[in-house]
Amino acid sequence: MEPPRGALAKIWNFICFLPYFIGLLLLGNFKGVIFCPLACLIITIGNSAIILGLWPIHCFWTCHCILRSKQLGPGLKLVLVLCMPIPLVLWPVVGIAGSVIGGIAYGFLSPIFATFDAVGEGKTDKFFHCFYDGTWSTIKGSFTIVRDFGDFCFHSYLSYMNDLWHQGPAEGKYYEIRLLYLPGTVIIGVLGFMVDMFMISLIALYKSPYMLFRGWHRLFHDLIGREGPFLETICVPFAGLAIIFWPLAVAGAVLASMLSSIFLGAFAGVVVYQESSFWLGLCYVMASLSIYDEYSNDILDMREGSCFPRPNYRRQKAELSKTSARAASFKRPPARADSIKDTIIELKPIQLLDGLFDECQRHGESMVAEGLITPRDIEDAKASRGSGVISIGLPTYCLLQVLLRSVKANSMGILLH
26 MEPPRGALAK
36 IWNFICFLPY
46 FIGLLLLGNF
56 KGVIFCPLAC
66 LIITIGNSAI
76 ILGLWPIHCF
86 WTCHCILRSK
96 QLGPGLKLVL
106 VLCMPIPLVL
116 WPVVGIAGSV
126 IGGIAYGFLS
136 PIFATFDAVG
146 EGKTDKFFHC
156 FYDGTWSTIK
166 GSFTIVRDFG
176 DFCFHSYLSY
186 MNDLWHQGPA
196 EGKYYEIRLL
206 YLPGTVIIGV
216 LGFMVDMFMI
226 SLIALYKSPY
236 MLFRGWHRLF
246 HDLIGREGPF
256 LETICVPFAG
266 LAIIFWPLAV
276 AGAVLASMLS
286 SIFLGAFAGV
296 VVYQESSFWL
306 GLCYVMASLS
316 IYDEYSNDIL
326 DMREGSCFPR
336 PNYRRQKAEL
346 SKTSARAASF
356 KRPPARADSI
366 KDTIIELKPI
376 QLLDGLFDEC
386 QRHGESMVAE
396 GLITPRDIED
406 AKASRGSGVI
416 SIGLPTYCLL
426 QVLLRSVKAN
436 SMGILLH
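Per our numbering: the sequence shown = residues 26 to 442.
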């Protein structure tokens, strides 16, 4: 589907598209409200029965395989067995709560997506499928989810623990833990969790208004111009719901940042254990704030960098940087040719793609002129009806010609035309 060109075409397309979108959205919501309770009930009851029924087996088999494992040392086995009651107790609570939330989301959203998919290009009898799609398929999908979850809990998990029991240690050395560093690991892990939880929450709250208005601006721009996520019919419900529930998405992003700060800060304990240094763990706590700040700036397309310092928290990297700096002082200054060469290496993937696109255009025009590619093939490719003459056949043929030309020329790389 080609996006409209010109301001008047965009406005007229928006006026015609909005009632069409609202009607499909209301129909999808109506089906979602009807089938959401039933789908949620099936998923919740099925998954809860699997979790509670297999919970005693999971408890016994997990502890048994850990104690009998040949890959784990005595100290690590002791620590794991002492800590294992925590995840075993939390598993039923988290699993059942996740089943309820997942059942609600699947039961409500699946009919909406099926409604929009029913009017996609290449579909037949769209009026009937608008009402039928997403009804019985949602119920069958709920049973499929329960079946797959049962297969994972019974077959996959028990098989993984069985492999942990019977497989020998890699390179003849089992995994062991240094108990001497555990107190420092726990202290820095708790400190990192407390600091990162507070600071990352403040950063996320500070940037949330920018994320809200920046996202709305982009989504409304794509809606009016039928660009981006509004270009394909199947993506319309995602984009439409994103506009309506974008404030909830921003709130969810803030909550996700708070949740991720727990693991990001607690990783300071891992740094202390790996580097055998209390100080490097403190350096990581400060560096993690800079890492999150830079990452959020990149996601929101804000100014690069961070206002937080980023000290080095890896001993090996620090030693390598000092060694390289010392060695670089005895080397000649970098020449302009070296920088140009590096730039050429970085641009080669882009040149490769441009060359392949040019090859597709050149061979495609010649095939159309010779009648090898028909107008029907072009229409099928535009409508995504499953014909692979243009979407698969033409790029494959062009790539084959490029490779053959490179082989015949005995080239070290890919020889573009």
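Note that the Cβ used here is the ideal one computed from N, Cα and C, for glycine as well.
Rounded to the nearest angstrom, what separates residue i and residue j at their Cα positions?
i: V310; j: A434; result: 55 angstroms
i: I47; j: C423; result: 43 angstroms
i: Y157; j: F270; result: 26 angstroms
i: S446; j: G330; result: Since the first residue shown for the chain is 26 and the last is 442, residue 446 is missing from the structure and cannot be characterised.
i: Y200; j: P194; result: 8 angstroms
i: I438; j: E395; result: According to the sequence provided, residue 438 is Gly. The question's Ile does not apply to it. Spanning the two alpha carbons is a distance of roughly 31 angstroms.
i: L51; j: F245; result: 20 angstroms
i: Y24; j: L280; result: Only positions 26 to 442 of the chain appear in the structure, and residue 24 is not among them; the question remains open.
i: T399; j: L419; result: 13 angstroms
i: D142; j: K165; result: 18 angstroms
i: A276; j: Y235; result: 12 angstroms
i: C308; j: N322; result: 21 angstroms
i: S391; j: R243; result: 40 angstroms
i: P117; j: M186; result: 19 angstroms
i: I82; j: S135; result: 33 angstroms
i: S436; j: V427; result: 11 angstroms
i: R335; j: S233; result: 23 angstroms
i: C155; j: R401; result: 27 angstroms
i: V211; j: Y320; result: 27 angstroms
i: K151; j: Q376; result: 43 angstroms
i: G45; j: I268; result: The identity of residue 45 in the sequence shown is Tyr, whereas the question assumes Gly. Going from the Cα of Y45 to the Cα of I268 covers about 16 angstroms.
i: Y298; j: I67; result: 45 angstroms
i: Q386; j: A406; result: 15 angstroms
i: W7; j: M224; result: Nothing can be reported for residue 7, as the shown portion of the chain is limited to 26 through 442.
Bridge partners for residue i per DSSP, in chain order?
i: Y206; result: Partner(s): none; Y206 has no beta bridge.
i: Y200; result: L97
Is the Cβ-Cβ distance between residue i and residue j less than 8 angstroms?
i: L237; j: P272; result: yes
i: D221; j: S286; result: yes
i: G100; j: L204; result: yes
i: I213; j: A293; result: yes
i: M133; j: C61; result: Per the sequence shown, the amino acid found at residue 133 is Phe instead of Met. Yes. Within cutoff.
i: I75; j: G175; result: yes
i: G159; j: A139; result: yes
i: T69; j: S124; result: yes
i: C178; j: L79; result: yes
i: V24; j: L92; result: Only positions 26 to 442 of the chain appear in this structure, which leaves residue 24 out of reach.
i: G128; j: F218; result: no
i: G57; j: V171; result: no
Roughly how far, in whole angstroms, is the beta-carbon of residue i from the beta-carbon of residue j, given that I think they are within contact range, below 8 angstroms?
i: A229; j: T163; result: No, A229 and T163 are not in contact; Cβ-Cβ is about 34 angstroms, not under 8 angstroms.
i: Y338; j: L305; result: 5 angstroms
i: I137; j: N54; result: 7 angstroms
i: G380; j: L441; result: 4 angstroms
i: S73; j: I121; result: 5 angstroms
i: C84; j: L49; result: Not a contact, Cβ separation roughly 48 angstroms.
i: R14; j: L378; result: Residue 14 lies beyond the stretch modelled for the chain, which goes from 26 to 442, so this question has no answer here.
Flag residue i as yes when its Cβ comes closer than 7 angstroms to any non-hydrogen atom of the ligand GTP, and as no otherwise.
i: D221; result: Absence of the ligand GTP from the depicted structure is noted, as is the absence of any ligand whatsoever, leaving it without description.
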